[in-house]
Amino acid sequence: MSTGSAASKREFPPLYQSSGNISSDRLAFFHILERLKTQKRTGWVNHNVPGPESISDHMYRMSVLAMCTSDPDLDVSKCVMMAVVHDLAEAQVGDIAPSDGIPKAEKRRLEAEAMHNFVHEMLHNSPAAQRIEALWKEYEEGETKEAKFVKDLDRFEMACQASEYERNHGMKTLQPFFDSSLPFIKHPEVQAWGQALADERQKTREQQSDLSSSSH
């Protein structure tokens with residue numbers, strides 16, 4: 000599929016316009032969150048993974064992973080909340096992948112526009128909205144230790160999911176998901192998790208190879 004056709008294929012729903020009623024607009028935000036539960040992650044769809052995870056599936060495990068850290072220098076509560084909101088804009092724009100042919104700058108613009116819409120049109124710039132926006136921006140900027148840690152969780156979770164799809168569905172085309180994640184993890188604890196995952200994957204491959212050899 001060409002880049003142009005991929006880019007033109009993706010369509011975005013219209014941005015929400017405030018009704019002026021705080022309660023109704025807040026409820027509209029609660030409803031838009033359902034899209035995170037139903038939209039499948041693009042990378043898995045493109046690789047024909049059976050029953051691929053949703054965006055919120057991904058964020059949920061990241062949130063629990065954040066709770067499992069033993070790093071005393073991290074604000075764990077902030078990490079959990081950041082994991083919950085880091086892909087929130089995808090409720091409006093979907094999971095934009097490189098295959099969509101949308102430049103990174105345009106992806107960032109679309110996601111920032113979606114967040115602004117949530118914060119101002121739906122949540123009326125309430126303290127809760129400001130907290131959500133601040134966490135999202137902190138993750139996007141990637142400067143704080145919590146933002147860097149959560150980004151590493153994003154990488155590790157994707158690799159973890161890829162290994163499960165390999166094991167559960169016999170997928171053979173998912174190496175790029177490991178190549179684009181595990182080598183870039185910086186946090187020592189998450190690096191250790193990644194190494195354990197890589198070791199488990201290698202062991203599984205060796206066992207499968209032994210089984211295949213013994214059956215011939």
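Numbering-wise, numbering that gives the first Met the number 0 puts 136 at position 137 of the sequence shown, and it's gapless, one number per residue.
Glycine included, each C-beta is placed from N, C-alpha and C at the ideal position.
Extent of the continuous alpha helix (DSSP H) to which residue i belongs
i, result
"Y138", "126 to 140"
"A161", "144 to 168"
"C67", "From DSSP, C67 is part of no alpha helix (DSSP H); its letter is neither H nor E."
"V75", "75 to 84"
"G42", "41 to 45"
"V118", "Unbroken run through V118: none, as it is neither H nor E."
"F11", "Where F11 is concerned, there is no enclosing alpha helix (DSSP H), given that its DSSP letter is neither H nor E."
"T37", "33 to 37"
Spatially closest choice to residue i from the options, by CA coordinates
i, options, result
"E145", "E163, E120, E105, H85", "H85"
"D178", "M157, H168, R166, E188", "M157"
"M61", "F155, R204, R9", "F155"
"D72", "P187, H30, T203", "P187"
"N20", "L122, V63, R204", "L122"
Under 9 angstroms between C-beta atoms of residue i and residue j
i, j, result
"H119", "S23", "no"
"V149", "A82", "yes"
"N124", "Y15", "no"
"V57", "T172", "Before going further, note that residue 57 is His rather than Val in the sequence given. No."
"S107", "S162", "The residue asked about is misnamed: residue 107 is Arg in this sequence, not Ser. No, Cβ-Cβ distance for R107 and S162 is not below 9 angstroms."
"R9", "I95", "yes"
Beta-carbon contacts of residue i that lie in its chain and below 7 angstroms, excluding the five residues immediately before and after
i, result
"K185", "K147, D151"
"V92", "F11, L109, E110, A113"
"P51", "K39, R40, W43, V44"
"V48", "Y164, H168, M170"
"Q206", "none"
"D70", "E188"
"Y59", "none"
Residue i classed as buried or exposed, judged by whether at least 16 other C-beta atoms fall within 10 angstroms
i, result
"L26", "exposed"
"S76", "exposed"
"L32", "exposed"
"D209", "exposed"
"D153", "buried"
"F176", "buried"
"C78", "buried"
"A65", "buried"
"E132", "buried"
"F29", "exposed"
"Q174", "exposed"
"Q129", "exposed"
Own chain, CB closer than 6 angstroms to residue i, minus 5 neighbours either side, in chain order
i, result
"L181", "A158, G193"
"S55", "L35, K36"
"A88", "E110, A113, M114"
"P13", "none"
"L134", "M80, M81, V84"
Beta-carbon contacts of residue i that lie in its chain and below 8 angstroms, excluding the five residues immediately before and after
i, result
"E137", "M81, T143, E145, A146"
"S53", "L35, K36, T37, Q38, K39, R40"
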